[in-house]
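Visitor: Residue numbers for the sequence shown follow our numbering, beginning at 2 and rising by one.
Where is the CB? At the ideal position from N, CA and C, for every residue including glycine.
Quick caveat: nothing in here was measured; it's all calculated off a predicted structure.
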Amino acid sequence: MTTDIFTINQAKQVEFDIKKSRFIGAIYPCSNENEALQHLRRLASEHPNANHLAFAWRIRQQDGFINERCHDAGEPSGTAGRPILAPLEGDSLINTVVGVVRYLEA
């Protein structure tokens, strides 16, 4: 039995407010780690005053192995990066990076 895998074909951003925080989520297609990091650097440069930029990616390597990485970016351990990665795994998305910018509102 094979598992279907999916990719996205275009970048997308969303914004929402939750409990005195503003979040900006961005999803990008990417074919390798360097491309994923470029997207994250660009997102960070667009939001230099953000409090956090947590992220996750799933990228298929040339040998077929799927490289997964997530980062909490200063949020409590396991509360940002892993929850971003979980839907990528659950929806069988590959070659995708998601960044979530957080602004704490005063």
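Among N96, I85, N52, which residue has its Cα nearest to the Cα of G75?
Guide: Considering only alpha carbons, the answer is N52.
Visitor: Given this structure, state the Cα-to-Cα distance separating G91 from E69, to the nearest angstrom.
Guide: Approximately 13 Å between the Cα atoms of the pair.
Visitor: Are the beta-carbon atoms of V99 and A57 separated by less than 8 Å?
Guide: Taking 8 Å as the Cβ cut-off, V99 and A57 qualify as a contacting pair.
Visitor: May I ask you to list the residues that DSSP assigns as paired with I1?
Guide: What the structure shows of the chain is the stretch from 2 to 107, and residue 1 is not part of that stretch, so it cannot be assessed.
Visitor: Take D48 as the anchor and find which of E16, P84, T97 has the nearest alpha-carbon.
Guide: A small fix is needed here, since residue 48 is His in this sequence, not Asp. Checked all of E16, P84, T97; the closest Cα to H48 is E16.
Visitor: Write down the C-beta distance between L105 and S22 rounded to the nearest angstrom, noting that I regard them as a contact closer than 8 Å.
Guide: Rounded, the Cβ-Cβ distance is 6 Å, consistent with contact.
Visitor: From the DSSP output, read off the bridge partner residues of R70.
Guide: Looking at the DSSP assignment, R70 forms a beta bridge with W58.
Visitor: Any idea what DSSP makes of P77, helix, strand or coil?
Guide: Residue state, collapsed to three classes: coil.
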